[in-house]
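Structure first, commentary second.
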Amino acid sequence: MLLDLVHWLVLPASLPARRLGYAGDSVRLAARSRRCRAAWAPHLAAAKEAVRAAVRDLPRRDTVVVLGSGLLDDVPIDDLAAAFRRVVLVDAVHPWRGRWRARRHPNVARLTHDLSGTEGLLLGRSGAFAPVLPPVCREADLVVSANLLSQLPILPVARLEAAGRLGPWTDAEAFGRRIVAAHLDALAELRARICLVTDLDETEEDRAGQVLERLDLLYGVDPGPAACKWEWVLAPFGEEARDRRLVHRVGAWPDWRPAA
């Protein structure tokens, strides 16, 4: 706990990111990734391979944008920096681990951006949310949404559930669904190839393999048939409870396109 507090204090994060909980989430994610390194390894390798697959036959490789870059655990940053003239990492918080991994690549830039579009709403500056991708996405040849889609609603929905109302929103399920759908809508407007990697659902299992609970992490929004799927043991036995584990089902689309 003390180490996490130190990391939170030295984390390069804006005041809004701290107030809204994004800085704290970044610190907790980094701590869990260290504790669960072995359990997470297959998922991280599969996510990186999905990004590499998106690059292989891409005819133009000038700019790639990574949305939700974070720790860069699931992003093959060395491969992207070698393949593209410019790499732009976009997130609400850019932790030291991600900065360290990208440090040797002069063509990698960082951009801080609220990808959920809810910052104004959560801070009381606006009565609505407007998810807008950064302008650099319109110049890109490849845009990667890296294990981001299911994460976007987490803090806004938690804030709505705690407050009971956020602007016009009172239904947490509808709010979460709108945030997920808005991200996909924004991606669909781009001319770039879209590489989408996201968790789809979460199951809580006991040691006998019995499913105790299942959650739809995308609030009923269907991105379409995935090119590949795999399981991610997010919290192995002993991480959250001795006899319980959390398993996420993940889908990857190296060349995602909206359903016709």
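Just so you know, this note's numbering puts the end of the sequence shown at 553, numbered straight through with nothing missing. In this text, a Cβ means the ideal position worked out from N, Cα and C, and glycines have one as well. Note that this is a predicted model, so its numbers are computed, not measured.
(request) State yes or no: is the C-beta of Arg-542 nearer than 7 Å to some heavy atom of the ligand FAD? (result) Of ligands this structure carries none, so the ligand FAD is not represented either.
(request) For Leu-449, count neighbouring Cβ atoms within 10 angstroms of its own Cβ and tell me buried if that reaches 16, exposed if not. (result) Strictly speaking, residue 449 in this sequence is Pro, with Leu absent from that position. Buried is the label assigned to Pro-449, since at least 16 other Cβ atoms lie within 10 Å of its Cβ.
(message) In whole angstroms, give me the CA-to-CA distance for Arg-396 and Arg-379.
(response) When only Cα atoms are considered, Arg-396 and Arg-379 end up about 14 Å apart.
(message) Could you check whether Leu-477 and Arg-431 sit closer than 8 Å to each other, using their CB atoms as the reference points?
(response) No; because the gap between Cβ atoms is not below 8 Å, this pair is not in contact.
(message) Would the segment 329-346 count as touching the segment 519-530 if we require 3 or more Cβ pairs under 8 Å?
(response) Short answer: they touch.
(message) Let me check one thing: in DSSP terms, what residues is Ala-528 bridge-paired to?
(response) Under DSSP, Ala-528 forms a beta bridge with Leu-539.
(message) Under DSSP, the alpha helix (DSSP H) around Val-473 begins and ends at which residues?
(response) Element bounds for Val-473: 465-481.
(message) Is the beta carbon of Leu-408 closer than 8 Å to that of Leu-441?
(response) Going by C-beta atoms, Leu-441 is nearer than 8 Å to Leu-408.
(request) Return the chain-ordered list of same chain residues with a C-beta closer than 7 Å to the C-beta of Leu-445, the five sequence neighbours on each side being excluded. (result) Leu-408, Ser-409, Ile-472, Val-473 and His-476, listed in sequence order.
(request) Take the Cβ of Asp-412 as the centre, count every other Cβ of all protein chains shown within 10 Å, and call the residue buried at 16 or more, exposed below. (result) With the sequence shown as reference, residue 412 is identified as Glu, and Asp is not the correct amino acid for it. With 16 or more Cβ atoms within 10 Å of its Cβ, Glu-412 is classed as buried.
(request) Alpha carbon to alpha carbon, how far is Leu-435 from His-406? Give it in angstroms, no decimals. (result) Looking at the two C-alpha atoms, the distance is approximately 18 Å.
(message) If I follow the unbroken beta strand (DSSP E) through Ala-439, where does it start and stop?
(response) Note, Ala-439: beta strand (DSSP E), 435-439.
(message) Checking 8 Å against the spacing of the C-beta atoms, do Thr-463 and Gly-457 come in under that value?
(response) Thr-463 places its beta carbon less than 8 Å from that of Gly-457.
(message) So for Gly-391, helix, strand or coil by DSSP?
(response) For Gly-391, the three-state secondary structure derived from DSSP is helix.
(request) Use the C-beta contact count for Asp-515: other C-beta atoms within 10 angstroms, 16 or more gives buried, fewer gives exposed. (result) With fewer than 16 other Cβ atoms within 10 Å, it is exposed.
(request) Report back the beta-carbon spacing between Ala-402 and Val-386 to the nearest angstrom; my notes put them in contact at under 8 Å. (result) The C-beta separation of Ala-402 from Val-386 comes to about 16 Å, leaving the pair out of contact by the 8 Å criterion.
(message) Under DSSP, the alpha helix (DSSP H) around Asp-318 begins and ends at which residues?
(response) Looking at the DSSP string, the run of the alpha helix (DSSP H) that includes Asp-318 is 315-328.
(request) Keeping to the same chain, check which residues put their C-beta closer than 8 Å to that of Asp-509; ignore five residues upstream and five downstream. (result) Correct list, in chain order: Leu-493 and Asp-494.
(request) Give the secondary structure of Gly-413 by DSSP, where H, G and I count as helix, E and B as strand, and everything else as coil. (result) Gly-413: helix per DSSP, three-state reduction.
(message) Using the Cβ count rule (16 or more neighbours within 10 Å means buried), how would you classify Asp-367?
(response) Answer is buried; the Cβ neighbour count reaches 16.
(message) Which same chain residues end up closer than 8 Å to Arg-312 when comparing Cβ atoms and leaving out the 5 residues on each side of it in sequence?
(response) Here the set comprises Leu-416.
(message) Quick check: the Cα distance between Val-437 and Val-490, rounded to an integer number of angstroms?
(response) Val-437 and Val-490: Cα-Cα distance of roughly 8 Å.
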